[in-house]
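Numbering that gives the first Met the number 0 numbers the first residue of the sequence shown as 0 and each following residue consecutively. All C-beta atoms, glycine included, are put in the ideal place defined by N, C-alpha and C. These figures come from a predicted structure and were not determined experimentally. Scroll down for the structure; my scribbles are underneath it.
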Amino acid sequence: MVRLSAADLGFASEFAALVNARREADAAVADDVRALIARVRDEGDAAIADLTRRFDGHDLDISGWSIRLADCRAAYEALMPELRAALDLAAARIRRYHLAQRPADSDAVDAAGVRLGARWSAVAAAGVYVPGGRAAYPSSVLMNAIPARVAGVERLVMVTPTPRGEVNPLVLAAAHLAGVDEVWRIGGAQAVAALAYGTDRIAPVDVVTGPGNAWVAEAKRQLYGVVGIDMVAGPSEIVVVADGANDPAWIAADLLSQSEHDPTSQSILFTDDAGFADAVAAAVEAQLTTLATEAVARAAWDVNGAIILVGALEDAMPLIDRLAPEHLELAVENPQGLFDRVRHAGSVFLGRHTPEAVGDYVAGPNHVLPTGRRARFSSGLSVLDFMKRTSFLQLDEASLAAIGPAAVALAGAEGLPAHARSVALRLGGGA
């Protein structure tokens, strides 16, 4: 774990190294993924079956390629009442939040008499990737599938690896609740390729979303253009801004909530109180020994964790913008002043009683967020990731006469005579 102080002479270079540290896929992963994609594109189902035997340890022809929707319903109905109620609450809140994101069509006539506007429509088919290796997350099913349904996607496909043929019933229950149409027992880069290109068994989709390991993220990057994607997601991140009035145990738990995801996750604390920094560091060590995920969380904290001391919390905000974190907690009494200074962050959690973890499950906003400083130019998953906008315009003789001559002039200046002619002929301007 790195301890930095903004007052130190070497802080600028040390912080720059923290910002620029890369925790994502290397060239070897990219080469592996390229080969896997080529196999699926060229060999289809045969490649999927072989790779599933190799990586997941089961034979799809024996365990089954797909999971019946009736089995998803049964998994939901078999949940303990308390857990089913929690899943229902999460789904309802996620759906309500994303319903408010649906964009409105536009249709208007301007001063020149030109009718112009835009119409929104959903993609026909979407694929949702749900991890099944290190961890299986029913929350990811809800966060990816519900916005697709809200957008109006007609065919919703889920792919999820089932190591050694074992199925996670919570994931199936969430698929039922979210209204998934197809569930395929495949994972990894090969699953993303199958969704993009299609195989004899699996029809292709238009958009692929969802988290995954480095190979899944790299497959999405390489296949963008063949298929739409939400984002190229890397290891999880959290930045916490906290003053000394917080309970150190709360803040330590918040930092570890991301460290336990993966050894490459990153957790950073900014504080203006050196004593509080020491207390949080001690609380992290104490809590690590109580976690079933200790090995993963400790590896992430030891290698990628950081505590940074600043003169005032306001001084942290430009530094945080350079990090552009996936998650940002502002654990102070009145967070709005700090929030007003935030420009780059995937999602912001305001106040002492808003831990990032509540956003992972039941708050409503999407937990699929940009990582690796990509919050500088991208946003979290939304209904818009499953929709596209078609613009339209309509002119009559009068409106074409009003704006057409300018089009003719510009086409001529660009050396495109056919463009100019297509307008000029309608203006009565000859050949």
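| Query | Result |
| --- | --- |
| Where residue 348 falls, given that 16 or more other Cβ within 10 Å makes a residue buried | buried |
| Helix, strand or coil at residue 225 according to DSSP, with G and I counted as helix | coil |
| Local conformation of residue 106 per DSSP, three classes | strand |
| C-beta contact flag for residue 316 and residue 121 at 8 Å | no |
| Contacts around residue 289, its chain only, beta-carbon distance under 6 Å, and the 5 residues preceding and following it disregarded | none |
| Complete alpha helix (DSSP H) runs within the region 30-89 (minimum length 4 residues, chain order) | 44-55, 59-62, 68-76 |
| Pick from 418, 213, 119 that is closest to residue 28, judged by C-alpha positions | 213 |
| Cβ-based burial, residue 79 [other Cβ within 10 Å; buried from 16] | exposed |
| Cβ contact check for the region 11-21 and the region 157-166: 3 or more pairs under 8 Å | no |
| DSSP three-state assignment for residue 116, whether helix, strand or coil | strand |
| Touch test, the region 293-302 against the region 336-346, Cβ-Cβ under 8 Å, three pairs minimum | no |
| Residues bridged to residue 307 [DSSP beta-bridge criterion] | 3, 269 |
| Closer than 7 Å: residue 415 CB and nearest the ligand FMN heavy atom | With respect to small molecules bound, the structure shown includes none, and the ligand FMN cannot be examined in it. |
| Reference residue 272, options 307, 283, 18, 249, closest by Cα | 307 |
| Contact set for residue 62: own chain, Cβ-Cβ below 8 Å, skip 5 residues either direction | 161, 164, 184 |
| Assigned exposure category for residue 34 - 16 Cβ within 10 Å defines buried | exposed |
| Same chain, Cβ closer than 8 Å to residue 301, five either side skipped, listed in chain order | 0 |
| Environment of residue 229 [buried if 16+ CB atoms lie within 10 Å] | buried |
| Delimiting residues of the alpha helix (DSSP H) encompassing residue 230 | Segment: none, residue 230 is in no alpha helix (DSSP H) and carries neither H nor E. |
| Beta-carbon proximity check, residue 141 vs residue 89, cutoff 8 Å | yes |
| Which of helix, strand or coil DSSP assigns to residue 346 | strand |
| Which listed residue (391, 397, 406, 410) has its alpha carbon closest to that of residue 107 | 391 |
| Burial state of residue 87 (16 or more Cβ within 10 Å) | exposed |
| Residue 326 classed as buried or exposed, judged by whether at least 16 other C-beta atoms fall within 10 angstroms | buried |
| Inter-residue CB distance, residue 227 and residue 127 (contact presumed, cutoff 8 Å) | At roughly 13 Å, the Cβ-Cβ gap does not stay under 8 Å, so residue 227 and residue 127 are not in contact. |
| Validate contact between the region 366-376 and the region 232-244 using beta carbons, cut 8 Å, 3 pairs | yes |
| At least 3 beta-carbon pairs within less than 8 Å: the region 192-209 vs the region 168-179 | no |
| Check whether residue 251 and residue 207 have beta carbons under 8 Å apart | no |
| Straight-line Cα distance separating residue 192 from residue 37 | 9 Å |
| At least 3 beta-carbon pairs within less than 8 Å: the region 321-336 vs the region 352-371 | yes |
| Assigned secondary structure, residue 217 (DSSP; H/G/I helix, E/B strand, else coil) | helix |
| Validate contact between the region 258-267 and the region 329-343 using beta carbons, cut 8 Å, 3 pairs | no |
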